[in-house]
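Data block below; observations after.
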Ligand SMILES: Nc1ncnc2c1ncn2[C@@H]1O[C@H](COP(=O)(O)OP(=O)(O)O)[C@@H](O)[C@H]1O
Ligand SMILES: O=C(O)[C@@H](CO)OP(=O)(O)O
C-alpha cells in the first residue's frame, strides 16, 4: 500500500501526513506493508518532497519577496535540481498582515536558479506556485541579467505594480547557461498571464490585492508583455496566453519568455522525479490527499495527478483531507473512490487545523479497517 499525499497547507507537511497515516494504519493493520512517497505539485513543499525522495538539500541566502534576505533551499541529485520558487518568493515568507501585492518581487527566485546552475545542474525542475508575487517574473529575470528600464533609463522598481512604468527591456545580458540546460516549468496551475483567468484576477486577492490592485497589476503585466514583444517579437505576446504563464504571479511567463522553459503540469513532473511509477507497481491501494479536496483539486492538483496515474495502472485510490468540498460523483470522476475528511471527526476548522496530526491518525485507522 502506497501513501502519496500532498501537504495539508497550514497544518501538516506532506512528510507529516505520510507519518500520521502510517501510524494510524499500523495501529489497526500492524503487518501491512506501507510505502510513503510524499508528493507535491510544484508549489510550496516541492523541495521537501524531493528531499524525502533522496535528493540532497542545499541552502542559499537570497532576496526575499519584500527585500529582506531569506534562507532558501533547493534540492539536487546528480545534475538534476528541483528549484521551488516559493522557497525564495513564497507567500508563507510574509506575515499575513504584511502582504505586498504590488511590490513583492521574484528577484530571489532568480538568485536561487543561479545557485542551482552554479552547483552544476543541467536539468532544472522549476516548481512554481504558492507565491507572494505578481511581477511576471520580472524580478527573476533582472537577477539573472535582464535590464528592465523606465523612460528615464533607470531600472524599474520591484514588483508587478512598477511594470506600468516599463519603457524598454534588454534581455541580451541574461545568464547564457539557460540556452544549454533543460528548464522545466513545473506549474501547479494552467492560467494565462492576464485577463479574467489571469494571475492577478485569480491569485492576486490571496496575496492581498484589492480589486483595484488587481486592475493595476493586470494592466501592468499586459504592458510588460507588450514591451517584451517590442524587443523579442510577437512570440512574447503569444507566450502570455499559454497555460502556466500565469502561474505564481506570472513567473511562469518570465520563465517561458526569457529562460526557454517548457511548461508541464507540476504533479506529472514531480511524480516522475520522485519515482512514483515503480512505487505504484508495488502497491495495490494508494492513499492520496491534500488539505482541501475541492474544485481546484480536479484542475491538476496533486491528488488528481496521483489518482489519474494510479487508475491508469489499475490501482484503487482513496483520499484523506482536511476539508472535502466536492461531491462523490466528481471525486469518482477524478479516480478517487472515497475521501475521508478530518472535518467528519472535528467540524470546527480551527480545532481541526490545530489537532490535525492526531485526527489524521484516527482517520487512517478507519481507512485501514475499511480498505486493508
Ligand atoms: N487540518 C485541517 N483541517 C481542516 N481543513 C484543513 C486542514 N489543513 C488544511 N485545511 C484546509 O486546506 C486548505 C489548504 O488547502 P491545500 O489543498 O492544502 O493547499 P492548496 O489548495 O493551496 O494546494 C486550508 O486553507 C484549509 O482550508
Ligand atoms: O502562486 C500562485 O499565484 C498560485 C498559482 O500558481 O499558487 P497556489 O496555487 O499555491 O495558490
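In the UniProt record's numbering, the protein residues as written are 1 to 372.
For glycine and all other residues, C-beta sits at the position ideal for the given N, C-alpha and C.
Quantities reported herein were computed from a predicted structural model and do not represent experimental measurements.
Is residue 253 near ligand 2, judged by its Cβ being under 6 Å from some heavy atom? Checking the Cβ of residue 253 against ligand 2 gives no.
Boundaries (first-last residue) of the alpha helix (DSSP H) holding residue 179: From DSSP, residue 179 is part of no alpha helix (DSSP H); its letter is neither H nor E.
Length of the line joining the Cα atoms of residue 34 and residue 369: Answer to the nearest angstrom: the Cα atoms are 15 Å apart.
Quick one: residues in its chain with C-beta nearer than 6 Å to the C-beta of residue 188, no 5 flanking neighbours on either side, listed in chain order? Result list for residue 188: 41, 42, 43, 129, 266, in chain order.
With a threshold of 6 Å, establish whether the CB of residue 107 neighbours any heavy atom of ligand 2. Not under cutoff, so the answer is no.
Any contact between the stretch 88-108 and the stretch 122-140? By contact I mean 3 or more CB pairs, one from each, below 8 Å. Three or more beta-carbon pairs drawn from the stretch 88-108 and the stretch 122-140 are found closer than 8 Å, and the two stretches are therefore classed as touching.
Output the boundary residues of the beta strand (DSSP E) element that contains residue 97. Where residue 97 is concerned, there is no enclosing beta strand (DSSP E), given that its DSSP letter is neither H nor E.
Residue 372 bridges to which residues according to DSSP? None, per the DSSP bridge assignment.
Can you name, in chain order, every residue of its own chain whose Cβ lies under 7 Å from the Cβ of residue 371, other than the five neighbours on each side? Its chain contains 285, 318 as the residues whose beta carbon lies nearer than 7 Å to that of residue 371, once the 5 sequence neighbours on both sides are disregarded; these appear in chain order.
Using only CA atoms, which one of 307, 352, 314, 246 lies nearest to residue 335? Considering only alpha carbons, the answer is 307.
Nearest to residue 341 (by Cα), restricted to the options 276, 350, 325: Measuring from the Cα of residue 341, the nearest candidate turns out to be 325.
Which residues neighbour ligand 1 when neighbourhood means a C-beta less than 5 Å away from any of its non-hydrogen atoms? List them by chain order. That query returns the following residues: 8, 9, 10, 11, 290, 291, 292, 322, 323, 342, 352, 353, 356.
Below 8 Å on the Cβ atoms is my contact criterion, and I expect residue 263 with residue 271 to pass it. Report the Cβ-Cβ distance as a whole number of Å. Contact flag wrong, Cβ pair sits at about 16 Å.
Reduced DSSP secondary structure (H/G/I, E/B, other) of residue 267: Shown here, residue 267 sits in a helix according to DSSP, grouped into three states.
Where residue 11 sits in the DSSP three-state scheme: Note: residue 11 maps to coil in three-state DSSP.
Coarse secondary structure for residue 288, derived from DSSP in three states: In the structure shown, residue 288 sits in a strand (DSSP, three-state: E or B).
Flag residue 188 as yes when its Cβ comes closer than 6 Å to any non-hydrogen atom of ligand 2, and as no otherwise. Relative to ligand 2, the nearest heavy atom lies less than 6 Å away from the CB of residue 188.
Is it right to say residue 329 is buried, meaning 16 or more other beta carbons lie within 10 angstroms of its own, or is it exposed? Classification for residue 329: exposed.
Taking a contact to mean a Cβ-Cβ separation below 7 Å, would you say residue 127 touches residue 186 in this structure? Yes, Cβ-Cβ distance for residue 127 and residue 186 is below 7 Å.
With 16 other Cβ atoms within 10 Å as the buried cut-off, status of residue 122: Counting every other CB atom within 10 Å of its CB across the protein chains shown gives residue 122 a total below 16, marking it as exposed.
Please indicate yes or no: does the CB of residue 247 lie closer than 6 Å to some heavy atom of ligand 2? It does: the Cβ of residue 247 is within 6 Å (strictly closer) of some heavy atom of ligand 2.
Quick check: the Cα distance between residue 111 and residue 162, rounded to an integer number of angstroms? Going by the C-alpha atoms only, they are around 20 Å apart.
Do the stretch 293-301 and the stretch 68-77 touch if we need at least three Cβ pairs shorter than 8 Å? No contact exists between the stretch 293-301 and the stretch 68-77.
If residue 160 sits next to residue 220, beta carbons under 8 Å apart, how far is it from one beta carbon to the other, in whole angstroms? About 5 Å separates the two Cβ atoms, so the contact holds.
For the stretch 273-361, which segments carrying the alpha helix (DSSP H) assignment without a break, of at least 4 residues, lie completely within its bounds, in sequence order? List check, alpha helix (DSSP H) in window: 276-281, 295-298, 302-312, 328-333, 349-354.
Return the chain-ordered ranges of every beta strand (DSSP E) run that is complete within the stretch 178-264 and spans a minimum of 3 residues. With a minimum length of 3 residues, the continuous beta strand (DSSP E) runs that stay inside the stretch 178-264 are 182-187.
Would the beta-carbon of residue 47 fall within 7 Å of that of residue 82? Yes. Within cutoff.
Our contact map puts residue 58 next to residue 37 with C-beta atoms below 8 Å; I'd like the distance itself, whole angstroms only. The Cβ separation is near 22 Å, so there is no contact.
Any non-hydrogen atom of ligand 4 within 6 Å of residue 129 CB: Within the structure as shown, ligand 4 is missing, the only ligands being ligand 1 and ligand 2.
Just confirm the distance between the C-beta atoms of residue 217 and residue 225, as a whole number of angstroms; I'd bet it's less than 8 Å. By a beta-carbon distance limit of 8 Å, residue 217 does not contact residue 225. Their separation comes to about 13 Å.
Would residue 179 be called buried (16 or more neighbouring beta carbons within 10 Å of its own) or exposed? Around the beta carbon of residue 179, a 10 Å sphere encloses fewer than 16 other beta carbons of the protein chains shown; the residue is thus reported as exposed.
Going by DSSP, name the residue or residues bridged to residue 126. Per DSSP, 83, 185.
May I have the straight-line CA-CA distance separating residue 156 from residue 52, to the nearest angstrom? Spanning the two alpha carbons is a distance of roughly 39 Å.
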